[in-house]
Structure formats: structure tokens, C-alpha cells
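Trainee:
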């Protein structure tokens, strides 16, 4: 997908009408106290829809058909909270679901004592529960990222939780688009498949930013209303 991208309402309508859709259910902070509520919610989704993993998403874009007629969904968890490892992954594994973790790599890189300040200054919401012990780690660490990638899909959501309008210079593109993939690939031993901007800007909105996403080697871009195959 390197030419003009049709982002119109009509293009979205036609894709849905043709069955080219998957339900993406977005989550952010998932504190331990909400474990049972999360389990109840995900179990309700799992009772009606089947979890889509990366192999099936690849297969759909290769063939134009889903592996099953049963409707699918992606449970997506943003920012890279520590509870993705402690809470989300065990619940999803109990239910037989593949979780998709969109991780801000700068949040993971930040020393634990500075993570609350990083979150406050980068639009990452923290609950009172997560802030109960000052200086305690609230983000994933790289070992956890690597472990999660063995069972789920883990991929970058920029480094600093930035939107496309905040990324202006070549250095910005390097920091927020290219370096996160290198960091993620090194931690997981895999090729991070997807990229997500803050606010879900689609591929096709800016040729310069699109070029950086392609250069980094991502295969997908997740947007507010679409999962887009790039290469």
C-alpha cells in the first residue's frame, strides 16, 4: 500500500459490506482490582466472536478470506502497562484469546522511579491503585515484553505516546517510528508487525510519515476505523 489510500466513508462502507471487517476492542489501564471485570467482559466477547491472531490476519490479507465464517475480534491493550503481563495475559490465556499489546517503548525504557512522571507528561492514564506506592514500576519491562511476544502480539505504539502532529523532524521520526521497532525486535526476537499513532491516525494521511512507517518495516498500521496492510 504505497500509492494513494482511500480514506473516505464510502471506502469504509464498501469494506464492511464486503465482509472485510474485524472488531477491535481497545483497552488501556487494566488494574489488578479490575481483573474479574476484565475477565467477564472478555468472556462475553469470546462467547460471540473468535480471537484473531497475527497468522490469521496475515492470511486474510493474503487471500481476502477469513479462516472461519465465525466473526472475529482483536482484544487490544495500549501503552504497555505492567498489568498487561500481570493481569491481561493470564486472563486472555485462561480464555484462549490472543491479546494485542501496543506498547510505548519510551514508557518501558523509563526507570521505574520516573514512570509516573513520564505517564503524566505523555497522556498515559494511571489509576490511584497504580500510584499507591511511589516509585514502583507501572510499565512493562523488556523481559516481560519478550515473554508476552511468545504467546501474544506485541508491537509499538510510538516511543513517547505521540500523535502524528507531534512528530515533525527527522529526529522525531527516528525516535517515534523507527527506533521503537528496533527496540521491540531486539527484545522479542521477532519482527514487530504493526504501528499505531496516538489518536489512531491512518496510513495515507501523510506521505512523509507513511514513508517512515514503511522504512521501519512494519506490515500493518492500526487506525481508528481500519487495520491497514502496508506491505
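Residue numbers (my numbering): -3 to 227.
The beta carbon of each residue, even a glycine, is placed where N, CA and C say it ideally should be.
#1: Please look up how many angstroms separate the CB atoms of residue 53 and residue 200, rounded, as I've assumed it's under 8 Å.
#2: Could you check what DSSP says for residue 23 in three-state terms: helix, strand or coil?
#3: When the Cα atoms are used, what is the spatial distance from residue 37 to residue 64?
#4: Within this structure, are the beta carbons of residue 100 and residue 155 separated by less than 9 Å?
#5: Would the beta-carbon of residue 112 fall within 9 Å of that of residue 122?
#6: By DSSP's criteria, residue 135 is part of a beta bridge. Which residues make up the other side?
#7: Quick check on residue 190: buried or exposed, where buried means 16 or more other Cβ atoms within 10 Å of its Cβ?
#8: So what's residue 44 in DSSP terms, helix, strand or just coil?
#9: Can you list, in chain order, the residues of its chain whose CB lies under 6 Å from that of residue 67, leaving out five sequence neighbours each side?
#10: Alpha carbon to alpha carbon, how far is residue 82 from residue 90? Give it in angstroms, no decimals.
#11: Output the distance between the C-alpha atoms of residue 75 and residue 144, rounded to the nearest integer angstrom.
#12: Residue 214 by DSSP, collapsed to three states: which one?
#13: Could you tell me the distance, in whole angstroms, from the CA atom of residue 117 to the CA atom of residue 158?
Mentor: Working from what's here:
#1: Here the question's residue 53 lines up with position 57 in the chain shown. Here the question's residue 200 lines up with position 204 in the chain shown. About 19 Å separates the two Cβ atoms, so there is no contact after all.
#2: Taking the first residue of the chain shown as 1, we reach residue 23 at position 27. Of the three classes helix, strand and coil, the one that applies to residue 23 here is strand, per DSSP.
#3: Indexing the chain shown from 1 puts residue 37 at position 41. Indexing the chain shown from 1 puts residue 64 at position 68. Their Cα atoms are separated by approximately 23 Å.
#4: Numbered from its first residue, the chain shown carries residue 100 at position 104. Numbered from its first residue, the chain shown carries residue 155 at position 159. Judged by beta-carbon spacing, residue 155 lies within the 9 Å limit of residue 100, meaning their Cβ atoms are closer than that value.
#5: As a first step, residue 112 is located in the chain shown; it is residue number 116 there, counting from the start. As a first step, residue 122 is located in the chain shown; it is residue number 126 there, counting from the start. Between residue 112 and residue 122, the gap from beta carbon to beta carbon is short of 9 Å.
#6: Against the chain shown, residue 135 aligns to sequence position 139. According to DSSP, which records beta bridges pairwise, residue 135 is partnered with 77.
#7: As a position in the chain shown, residue 190 is number 194, starting the count at 1. By the 16-neighbour rule on beta-carbons within 10 angstroms, residue 190 is buried.
#8: The residue labelled residue 44 in the question sits at position 48 within the chain shown. Here residue 44 sits in helix by DSSP.
#9: One-based indexing of the chain shown puts residue 67 at position 71. The residues are 45.
#10: By 1-based counting over the chain shown, the position of residue 90 is 94. By 1-based counting over the chain shown, the position of residue 82 is 86. Using only the alpha carbons, I get a separation of about 13 Å.
#11: Taking the first residue of the chain shown as 1, we reach residue 75 at position 79. Taking the first residue of the chain shown as 1, we reach residue 144 at position 148. Each residue's Cα considered, the two are about 14 Å apart.
#12: As a working mapping, residue 214 is identified with position 218 in the chain shown. Secondary structure of residue 214 (DSSP, three-state): coil.
#13: By one-based count along the chain shown, residue 117 stands at place 121. By one-based count along the chain shown, residue 158 stands at place 162. Near 11 Å, if we compare the C-alpha coordinates of residue 158 and residue 117.
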